[in-house]
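Below is one structure, written out as structure tokens; comments come after it.
Protein chains: 2
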Amino acid sequence: MRFDLLLVGYGHVARRFVALLAERRSRLARDHGVRTRVVGIATRRRGQLYDGRGLSARALESYWVSGPSTGSGPPRASSTGGFSRPATPTVDFIRHATRQSGAAARQRRLIMIETTTLNIERGEPATSHIRAALAGGAHVVTANKGPVAFGYRGLARAADRAKRRFLFEGAVMDGVPVFNLVRETLPALAIIGFRGVVNSTTNYILTAMEQGQPFGEALAEMQAMGVAEADASLDVDGWDAAAKTAALANVLLGAAITPTMVERRGITPETARAAIDARTEGRRVKLVARAGWEGNRVTARVAPETLAGDDLLAMLEGQQNAIILQTDLLEEIAVVQRSGSLTQTAYALLSDLMTIARDVMAAPATRRAPTSAQRRRTPSRRVRR
Amino acid sequence: MRFDLLLVGYGHVARRFVALLAERRSRLARDHGVRTRVVGIATRRRGQLYDGRGLSARALESYWVSGPSTGSGPPRASSTGGFSRPATPTVDFIRHATRQSGAAARQRRLIMIETTTLNIERGEPATSHIRAALAGGAHVVTANKGPVAFGYRGLARAADRAKRRFLFEGAVMDGVPVFNLVRETLPALAIIGFRGVVNSTTNYILTAMEQGQPFGEALAEMQAMGVAEADASLDVDGWDAAAKTAALANVLLGAAITPTMVERRGITPETARAAIDARTEGRRVKLVARAGWEGNRVTARVAPETLAGDDLLAMLEGQQNAIILQTDLLEEIAVVQRSGSLTQTAYALLSDLMTIARDVMAAPATRRAPTSAQRRRTPSRRVRR
Chain S
1 MRFDLLLVGY GHVARRFVAL LAERRSRLAR DHGVRTRVVG IATRRRGQLY DGRGLSARAL
61 ESYWVSGPST GSGPPRASST GGFSRPATPT VDFIRHATRQ SGAAARQRRL IMIETTTLNI
121 ERGEPATSHI RAALAGGAHV VTANKGPVAF GYRGLARAAD RAKRRFLFEG AVMDGVPVFN
181 LVRETLPALA IIGFRGVVNS TTNYILTAME QGQPFGEALA EMQAMGVAEA DASLDVDGWD
241 AAAKTAALAN VLLGAAITPT MVERRGITPE TARAAIDART EGRRVKLVAR AGWEGNRVTA
301 RVAPETLAGD DLLAMLEGQQ NAIILQTDLL EEIAVVQRSG SLTQTAYALL SDLMTIARDV
361 MAAPATRRAP TSAQRRRTPS RRVRR
Chain B
1001 MRFDLLLVGY GHVARRFVAL LAERRSRLAR DHGVRTRVVG IATRRRGQLY DGRGLSARAL
1061 ESYWVSGPST GSGPPRASST GGFSRPATPT VDFIRHATRQ SGAAARQRRL IMIETTTLNI
1121 ERGEPATSHI RAALAGGAHV VTANKGPVAF GYRGLARAAD RAKRRFLFEG AVMDGVPVFN
1181 LVRETLPALA IIGFRGVVNS TTNYILTAME QGQPFGEALA EMQAMGVAEA DASLDVDGWD
1241 AAAKTAALAN VLLGAAITPT MVERRGITPE TARAAIDART EGRRVKLVAR AGWEGNRVTA
1301 RVAPETLAGD DLLAMLEGQQ NAIILQTDLL EEIAVVQRSG SLTQTAYALL SDLMTIARDV
1361 MAAPATRRAP TSAQRRRTPS RRVRR
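Chains as they are written, first to last, in the numbering used here: chain S, 1 to 385; chain B, 1001 to 1385.
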């Protein structure tokens, strides 16, 4: 079956994703019966491009280099029903593109890949993009933590109403499964809480400081590598970890919190000095994210913690991440990401795409039963144990 | 939807599973629309019992206490189409029971739960049970590593032909997802190899020895707790780990090996002494299972290895298990089981049951597309990378 993709946001991750699709094209077709093509693309800087017959690799490359249009006039329609235009509101583009791809949308073959830059304070513009795409009958895949951190419950409801999937594995630990792990492989089980190391930059800085590197130098290194956010405070002050914590709590614990509701302390040069002292005692300081049910509410926190040396989180070096899930039936399960890369984030998008493809191809006519995670959202779950 | 269960084997794990179903009955019905009932039960020692209308909790308890029949005559039919009989060949019972439950089988609502004791040298009798159940139209869930270690490819093919599922999450790391993790959450990705600590008894002995406990005493403790196999050599000589390694290699790497083809060294009091020495140097000895593609064949090994102190496997204490998967797109991912228990093995059965239920309920009429793991079996995969 062929799936049509709308790319909203087209930075390094989306480009690596498109390259990955090309690299794996024959394998996806042969092993999974899945073919894909990009029909639309939109970024704030480069404008918007759509062609229902599919955009060629060349068209995508030319878009990357110069955008679809050098002028600033109205949309220019092509003879094939395609169009290109400079940056009008992206939400309008999504509405227009999903209408143009109406047949694919009705057949559940239309997927928006959302990778715009996050505004940490509101989860926008991604949230609006997702609502528009779902309303237009497209499934949504995003690597963006913002929408899940700020408005998971509403978006999940919108997806339910639209009978489309909303997936976001890349929001935490790149393509290493956390959300999909719980939804697909831990049915009929409750997640009671979790703790983890989910921000690579701060973990790298702490590790480097232990080895004598100054704070600023370690940070600059991560920025040069493209791992740290351009605005370093997002990492260092714990905002990134707080957003991921809110996303995890909303999805896995059925909470309805935002990143601002996560108690938050970041790392400072002083934290790093404490890390050196701890190390000499066989202990380690890590920026730990944690959340859990306390009575009938979820509490969530990001803060430096001094951990015993044999704590699983204590042994995470450099950019490694890990999440330890506390469950009612399996006690603790840990998932560890041993390294991060652009390919891993791109793979998160691919794995969500394949989850959607599998669903649609398994039950093209009927509606898939709600998954356990979708069920988890219902408030009734909260009081059960 | 209601699922009918045939229990083949009824030891501690199966009994905990039945209790778990009872504990979660209302939740499974409300959150997942899944109801279950036991219609048949067979063990070598207690004989066989079947009632297509469902066996009551009282019937199960009485079976546990005294078996279905005190005589040794022919099957005794009840007026309701049920029957009980002393131990005739279990395969015959499965054939008979799947015929009696023909309607449920045709509607894909019949599931055999296989938990018999493993004959490590052949993977029997579980393998024959599974073939008979699939042939009779039942899905199969097992916590038994034998069938997957000895004959995965043939059984997977039989399941494909029968259009039924054959699931076995409990074969390795209890209910902590490994097989389901790869199949459900890592689509379009190749597992290149893995290494892990997969036998709890040997890891417990090594940990205890480091702390000064004698080898035999640590082993006796694990046997008393019911964690070690009654025949201690299965654990200590690495047989259990070798069977799990073969199972993992067959399913995740597309190999076709048996436990006897796994290079194997177990632990001895000398290994444990080496563990003490290693510990003084900040290193640790673990019984490591590993397998991977080398050229165009899979090699697999179980042996004590001296690991650096910061190796994830080095930090596994007591009964903890972990598997580190080497992948082509996500580099290394690790899954860690932080503790083991009867409930965790029982949960493995429950999670597989729920996977089947989700499938059947999502696409009651159509056939589900083959999963990526099923696809992985095809030899074509081997040469790709």
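Where a beta carbon is used, it is the ideal one built from N, C-alpha and C, also for glycine. For clarity, every value in this text was computed on a predicted model and none was experimentally measured.
{"Check": "contact_flag[the region 194-202 of chain S, the region 310-327 of chain S] where n(CB pairs < 8 Å) is 3 or more", "Outcome": "yes"}
{"Check": "C-alpha distance - H388/S paired with A224/S, whole-angstrom precision", "Outcome": "Because chain S here runs from 1 to 385, residue 388/S falls outside it and cannot be looked at."}
{"Check": "Any C-beta of chain B under 8 Å from that of G175/S", "Outcome": "yes"}
{"Check": "Option nearest Q48/S by Cα separation, candidates I333/S, R35/S, S66/S", "Outcome": "S66/S"}
{"Check": "Cut-off 6 Å between Cβ atoms - residues of its own chain near L252/S, not counting five sequence neighbours on either side", "Outcome": "V182, I191"}
{"Check": "is_contact[H1032/B, chain S] using C-beta, thresh 8 Å", "Outcome": "yes"}
{"Check": "Under 8 Å (Cβ pairs) to chain S, residues found in the region 1178-1199 of chain B", "Outcome": "N1180, L1181, E1184, T1185, L1186, P1187, A1188, L1189"}
{"Check": "Through-space distance from D1235/B to A1241/B, alpha-carbon basis", "Outcome": "7 Å"}
{"Check": "Cβ pair V38/S, G54/S closer than 8 Å", "Outcome": "yes"}
{"Check": "Contact with chain A by I333/S, beta-carbon distance below 8 Å", "Outcome": "Given the protein chain composition of this structure (S and B), no chain A is represented."}
{"Check": "Distance between I257/S and A300/S (C-alpha atoms, nearest Å)", "Outcome": "9 Å"}
{"Check": "Cα-Cα separation, N203/S to H1012/B", "Outcome": "44 Å"}
{"Check": "V288/S beta carbon less than 8 Å from that of A274/S", "Outcome": "no"}
{"Check": "A1308/B burial status per 10 Å Cβ neighbour count (16 or more: buried)", "Outcome": "exposed"}
{"Check": "6 Å CB neighbourhood of E1210/B in its chain, flanking five on each side removed", "Outcome": "A1275, I1276, R1279"}
{"Check": "Three-state secondary structure assigned by DSSP to R122/S", "Outcome": "coil"}
{"Check": "Beta-carbon proximity of G193/S to A291/S, cut-off 8 Å", "Outcome": "yes"}
{"Check": "Buried or exposed by the 16-neighbour rule on C-beta atoms within 10 Å, applied to M361/S", "Outcome": "buried"}
{"Check": "DSSP three-state assignment for E331/S, whether helix, strand or coil", "Outcome": "coil"}
{"Check": "Same chain, Cβ closer than 8 Å to R1338/B, five either side skipped, listed in chain order", "Outcome": "Q1320"}
{"Check": "Contacts of V1038/B in chain S (Cβ-Cβ under 7 Å)", "Outcome": "Under the 7 Å cutoff, chain S gives no residues; its nearest Cβ is about 17 Å from V1038/B."}
{"Check": "Touching by the beta-carbon criterion (3+ pairs, under 8 Å), the region 125-142 of chain S and the region 25-32 of chain S", "Outcome": "no"}
{"Check": "Chain-order list of residues whose beta-carbon lies under 8 Å from that of R15/S (same chain, five-residue window excluded)", "Outcome": "W64"}
{"Check": "DSSP-derived helix/strand/coil call for Y1063/B", "Outcome": "helix"}
{"Check": "C-beta contact flag for D31/S and R109/S at 8 Å", "Outcome": "no"}
{"Check": "Beta-carbon neighbours of Y347/S, restricted to chain B and to distances below 8 Å", "Outcome": "L1189, L1329, L1330"}
{"Check": "DSSP state of G9/S mapped onto helix, strand, coil", "Outcome": "coil"}
{"Check": "Straight-line Cα distance separating M354/S from H391/S", "Outcome": "Any answer about residue 391/S is impossible in this case: the structure gives chain S only from 1 up to 385."}
{"Check": "Distance, T1090/B Cα to K1163/B Cα", "Outcome": "23 Å"}
{"Check": "Cβ neighbour criterion (16 or more within 10 Å) applied to S233/S", "Outcome": "exposed"}
{"Check": "Contacting residues, own chain, Cβ-Cβ under 7 Å from L1329/B (five flanking each side not counted)", "Outcome": "L1189"}
{"Check": "Within-8 Å CB hit, A1363/B to chain S", "Outcome": "yes"}
{"Check": "Chain S residues whose Cβ lies nearer than 9 Å to that of D1310/B", "Outcome": "M315, E317"}
{"Check": "Test: V336/S CB closer than 8 Å to a CB of chain B", "Outcome": "yes"}
{"Check": "Members of the region 14-28 of chain S near chain B, C-beta cut-off 7 Å", "Outcome": "R24, R27, L28"}
{"Check": "CB-CB length for G123/S against F166/S, believed under 8 Å", "Outcome": "Contact flag wrong, Cβ pair sits at about 14 Å."}
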